[in-house]
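Here is the structure we will look at.
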Amino acid sequence: MKTWLMNILVGFPTFLAFGYCLTFFGGILSLPSIYLHFPQLDTTTTKGALKDHNSLIQGTVNGASNLGGICGSLFCMWAGNKFGRRLTTFVGAFITLIGTVIFCTSFSMAQMIVSRVVQGWGIGMMISTVPVWQSECSNTKNRSSHVIVDGIMVSGGFMLAGWITYGFWTTHSEESWSWRIPGIFIGIFALMVLSGVYLFPESPRWLVMKGRTEEAALIFADIHKTSVDSEVVQRDLSAVIRANEASKHTKWTGLFSYRENKMLWRLFLTVTVQFYTQMNGAGIITAYSSQLFSTIGLGPDLAHIIAGVSLTFKLIMCCIPYFVIERFGRRMLFMVSGAGMAICMFVLAICGSQTTPTHLAPAYVAIVFVFLFLIFLPLAYLGVNFLYCQEVISTRYRAPAGGISTAVLWLTQFVLALTTPLGLQVLSWRYYLIWGCVSATIVPAVYFWYPETTGLSMEELEDIWAVPGGVTSAVREAKRLRSHKESKAFESGTATPVVVEEKIDTDYVEKA
Numbered sequence: 088m089k090t091w092l093m094n095i096l097v098g099f100p101t102f103l104a105f106g107y108c109l110t111f112f113g114g115i116l117s118l119p120s121i122y123l124h125f126p127q128l129d130t131t132t133t134k135g136a137l138k139d140h141n142s143l144i145q146g147t148v149n150g151a152s153n154l155g156g157i158c159g160s161l162f163c164m165w166a167g168n169k170f171g172r173r174l175t176t177f178v179g180a181f182i183t184l185i186g187t188v189i190f191c192t193s194f195s196m197a198q199m200i201v202s203r204v205v206q207g208w209g210i211g212m213m214i215s216t217v218p219v220w221q222s223e224c225s226n227t228k229n230r231s232s233h234v235i236v237d238g239i240m241v242s243g244g245f246m247l248a249g250w251i252t253y254g255f256w257t258t259h260s261e262e263s264w265s266w267r268i269p270g271i272f273i274g275i276f277a278l279m280v281l282s283g284v285y286l287f288p289e290s291p292r293w294l295v296m297k298g299r300t301e302e303a304a305l306i307f308a309d310i311h312k313t314s315v316d317s318e319v320v321q322r323d324l325s326a327v328i329r330a331n332e333a334s335k336h337t338k339w340t341g342l343f344s345y346r347e348n349k350m351l352w353r354l355f356l357t358v359t360v361q362f363y364t365q366m367n368g369a370g371i372i373t374a375y376s377s378q379l380f381s382t383i384g385l386g387p388d389l390a391h392i393i394a395g396v397s398l399t400f401k402l403i404m405c406c407i408p409y410f411v412i413e414r415f416g417r418r419m420l421f422m423v424s425g426a427g428m429a430i431c432m433f434v435l436a437i438c439g440s441q442t443t444p445t446h447l448a449p450a451y452v453a454i455v456f457v458f459l460f461l462i463f464l465p466l467a468y469l470g471v472n473f474l475y476c477q478e479v480i481s482t483r484y485r486a487p488a489g490g491i492s493t494a495v496l497w498l499t500q501f502v503l504a505l506t507t508p509l510g511l512q513v514l515s516w517r518y519y520l521i522w523g524c525v526s527a528t529i530v531p532a533v534y535f536w537y538p539e540t541t542g543l544s545m546e547e548l549e550d551i552w553a554v555p556g557g558v559t560s561a562v563r564e565a566k567r568l569r570s571h572k573e574s575k576a577f578e579s580g581t582a583t584p585v586v587v588e589e590k591i592d593t594d595y596v597e598k599a
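In the working numbering, the protein residues as written are 88 to 599.
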């Protein structure tokens with residue numbers, strides 16, 4: 088199975104659409120043409136109570152896609168296991184295409200809001216399902232790289248939206264095409280998914296869950312590039328069958344039971360991962376980057392250019408986890424990312440408080456820390472977050488848990504879209520203090536609660552939750568299991584040790 092081709096034809100456009108959808112509307116709000124057609128969105132030429140009212144409307148329209156995303160993600164709780172990964176992805180892409188058509192033909196505020204909701208619904212279905220599909224069609228060694236590219240593409244969507252909307256802003260056109268054309272790109276990404284989704288096989292783990300083990304065996308053989316009768320295929324197939332049998336008679340409500348191998352706690356971990364993905368201040372820099380740079384004293388031309396450059400820089404930084412995640416593990420990336428983002432947000436607040444029209448030095452310091460923030464953010468919260476959410480949940484609950492955690496991602500984004508315009512206007516630099524405090528809690532949360540999943544198969548990860556004990560027992564068991572597994576690999580001569588960040592851990596690099 089050519090998983091790299093699956094990434095290009097399905098994963099890439101799915102997450103390009105997601106990143107683009109989150110960002111482009113904030114970009115077109117700087118275009119004069121959209122205020123002529125929708126004066127309710129005008130916060131540039133209005134003042135006082137009317138400006139506050141329009142800021143709220145602006146945030147609501149921008150956040151409408153997030154409400155749709157919540158609904159689409161929650162819909163996958165049922166649809167993901169019912170219809171499989173391929174059909175759910177296909178339907179999501181089709182709905183996204185419909186939403187794009189409505190947006191590009193909008194002549195009323197009601198049409199625009201409906202288009203954003205429909206687009207969000209479709210994209211919510213896709214981003215809830217595609218990472219599950221990718222992880223279930225990958226082996227242990229390349230699982231992380233296949234899912235992390237999703238985060239790279241989210242950032243790619245941010246960058247495309249930033250530069251495309253900047254390009255239309257430079258035209259200073261008052262015609263509606265200047266904001267309609269940028270909206271077309273989401274439909275183009277959806278068409279790519281529609282064209283490519285059925286070129287690839289269904290998830291073998293979903294097939295086993297449906298009793299189609301012979302088809303699953305063929306796909307496992309394709310994944311490992313070997314025969315159906317090979318030891319590795321039979322081993323994987325047997326492990327999946329055993330895991331499926333163990334949970335076969337459980338109801339979907341078992342996802343909310345702590346007794347079900349700590350499933351409720353595992354769901355909580357996926358929810359907190361996606362909560363931290365948005366509630367760290369990244370939304371300010373992504374969707375309102377131009378406004379952000381304006382609040383720290385930069386003119387509109389320079390603010391737009393630096394915003395576009397920052398999003399391009401962010402895309403480049405997203406590639407770092409692809410190369411280091413198997414070396415340093417998920418936990419280390421989460422903690423370094425959280426600590427770095429907290430420091431950057433506190434410095435941005437300090438710089439914002441000291442910037443005046445005659446004293447711009449702090450503004451330029453703030454620019455430096457915006458770029459530093461864009462180094463720390465992608466380390467864990469633009470790719471690793473989607474990967475980790477799939478790794479800590481068992482196959483039977485992976486689709487509904489993915490729907491819930493992705494719904495939280497959309498919900499937090501909606502809150503940000505609704506409150507950020509008003510927050511930047513009312514709180515100004517104090518707004519960054521909130522996100523600095525939230526990011527600071529990531530380090531202790533990950534250290535005590537999040538087990539390391541690097542180097543363990545999906546079925547081996549299930550074992551760490553069966554150990555008796557409290558919520559921290561899985562963290563200790565994951566360390567013990569990884570150490571035992573790696574020691575056996577070293578003794579057999581298939582691996583060599585490499586020192587990592589925790590003394591009790593040992594990492595290994597496979598020999599050629």
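Note that beta-carbon positions come from the ideal geometry of N, C-alpha and C, so glycine has one too. Everything numeric in this text was worked out from a predicted model, so none of it was measured.
Between the alpha carbons of residue 209 and residue 276 lies a gap of roughly 12 Å. Following the DSSP letters along the chain, one finds residue 144 inside the alpha helix (DSSP H) bounded by residues 135–191. Leaving aside the five residues that flank residue 509 on each side, the residues in its chain whose CB is nearer than 6 Å to its CB run, in chain order, 142.
Rounded to whole angstroms, the Cβ separation of residue 409 and residue 236 is 7 Å, and the two are in contact under 8 Å.
Contact check between the region 261–276 and the region 452–462: fewer than three CB pairs, one atom from each, fall below 8 Å, which does not count as touching. Secondary structure of residue 259 (DSSP, three-state): coil. By the 16-neighbour rule on beta-carbons within 10 angstroms, residue 271 is exposed.
The C-beta separation of residue 242 from residue 405 comes to about 4 Å, placing the pair in contact by the 8 Å criterion. Around the CB of residue 245, 16 or more other CB atoms lie within 10 Å, so the residue is classed as buried. With 16 or more neighbouring CB atoms inside 10 Å of its own CB, residue 207 falls in the buried class. Distance from residue 203 to residue 238 at the Cβ level is roughly 23 Å; contact not present, criterion being Cβ atoms closer than 8 Å.
Residue 516 has its alpha-carbon roughly 38 Å from the corresponding atom of residue 540. Around residue 183, the same chain offers 206, 209, 210 and 277 as residues with beta carbons nearer than 6 Å, after the five sequence neighbours per side are excluded.
Secondary structure note for residue 218: its alpha helix (DSSP H) is the uninterrupted segment 196–223. Under the DSSP assignment, residue 277 falls in the alpha helix (DSSP H) whose first and last residues are 264–283. One Cα belongs to residue 367, the other to residue 315, and the distance between them is close to 46 Å. Assignment of beta-bridge partners to residue 571 by DSSP yields no partner.
In the DSSP assignment, residue 553 falls outside any alpha helix (DSSP H), carrying neither H nor E. Between residue 173 and residue 219, the C-beta spacing is not below 8 Å. Under the 10 Å beta carbon count, residue 555 is surrounded by fewer than 16 other beta carbons and is classified as exposed. If you look at residue 305, you'll find it in the alpha helix (DSSP H) that goes 300–311. In this chain, residue 541 is not harboured by any alpha helix (DSSP H), its DSSP state being neither H nor E.
Residue burial annotation: residue 503 is buried, with at least 16 other C-beta atoms found within 10 angstroms of its C-beta. Nearest to residue 429 by C-alpha distance, out of 524, 545, 438 and 398, is 524. The beta carbon of residue 273 sits closer than 7 Å to those of 104, 107, 108, 183, 187 and 206, all from its chain and outside the five residues before and after it, given in chain order. The shortest C-alpha to C-alpha distance from residue 479 to any of 438, 354, 362 and 416 is the one to 354. Residue range 350–365 is occupied by the alpha helix (DSSP H) that includes residue 355. From the listed residues 222, 252 and 420, the smallest Cα separation to residue 293 is found for 222. Membership of residue 515 in any alpha helix (DSSP H) is not indicated, and neither H nor E is assigned to it by DSSP. Contact between the region 469–479 and the region 122–133 is not established, with fewer than three Cβ pairs separated by less than 8 Å. Contact check between the region 459–469 and the region 560–567: fewer than three CB pairs, one atom from each, fall below 8 Å, which does not count as touching.
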